[in-house]
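Counting in the UniProt record's numbering, the sequence shown runs from 1 upward without gaps.
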Amino acid sequence: MSWLPPACWGSSCPVPTTRTGGVMLFIAALITGFCAAVVVSAWLFGDLAGRRRREREAIQERNRLLERERDQEAQLAADAERMRIAREMHDVVSHSMSVMIAQADGGRYVLQADPARAGQAFETIGETGREALTELRRMLGVLREEGEQKLRPAPGIESIPQLVADVQASGLPVELHIAHASLPPMNEGVELAIYRIAQEALTNTLKHGGEGARA
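Rendered as structure tokens:
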């Protein structure tokens, strides 16, 4: 009994037991684990929320980039279409003016000597001007037939004979040979390109070529 404090001599004194200490340690560990779980859960929730926010921002940025690319593609397509229309307008106006000038000069020269031929030249001038105006309206998309949303078909291979006839009427000898049997099926764009090539060749010959010029 010498190891007990004097206050406990002759009386009972509570002595900590191993069981009580184990319970306290368990409670402390439980509280610590709960606190750790709360901290880890909060961290995981914050990390998940941040990740989702970054994903939403990335998706929004991708959508903005896609929309910007679509706008740029639409603008490039519109610019290409304007350039195409500008080239066609140049071809139409250049060819028509060349024919009209040649007819006007020829009509002026033969007005006194051959009024009938002069009248034919002036008639060709009128027809060429009207055709040029129709072509310009077609390219600008404003030509309407009786209020319907119908546009005149673009000129193609079938229109080349009339093109040659107009140039022949201007006094330029032209020979035309078309082997229809050897031509494969072509879409409207290809036929229009062939027509424009023939038109440009005839226009340049009419404007700049001398006697016997070939194109």
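Don't be surprised by glycine CBs; every beta carbon is placed ideally from N, CA and C.
Local conformation of G171 per DSSP, three classes: coil
E88 versus I197: straight-line alpha-carbon distance, rounded: Rounded to the nearest whole angstrom, the C-alpha separation of E88 and I197 is 11 Å.
For L136, the three-state DSSP class (helix, strand or coil): Here L136 sits in helix by DSSP.
Nearest-angstrom Cα separation, counted from R108 out to F122: 9 Å
DSSP three-state assignment for I178, whether helix, strand or coil: Residue state, collapsed to three classes: coil.
Cβ-based burial, R76 [other Cβ within 10 Å; buried from 16]: According to the sequence as given, residue 76 is Leu; it is not Arg. Answer is exposed; the Cβ neighbour count stays below 16.
Which of helix, strand or coil DSSP assigns to G156: coil
Beta-carbon separation (whole angstroms), V92 vs A132, contact threshold 8 Å: About 6 Å separates the beta carbon of V92 from that of A132, a gap short enough to meet the 8 Å contact definition.
Coil, strand or helix - Q60 by DSSP: helix
Alpha-carbon to alpha-carbon, E188 and T205: 26 Å
Reduced DSSP secondary structure (H/G/I, E/B, other) of P115: helix
Closest residue to A102 among D114, H90, A118, A113 (Cα-Cα distance): A118
For M100, three-class secondary structure by DSSP: helix
CA-to-CA distance, L65 to M83, given in whole angstroms: 27 Å
Span separating the alpha-carbon of P185 from that of Q199: 21 Å
Contact check, A104 vs I125, beta carbons under 9 Å: yes
Reference L136; option with closest CA among Q112, I157, H95: H95
Inter-residue spacing [alpha-carbon to alpha-carbon] between A28 and R54: A28 and R54 have their C-alpha atoms spaced approximately 39 Å apart.
Exposed unless 16 or more other CB atoms sit within 10 angstroms - verdict on P155: buried
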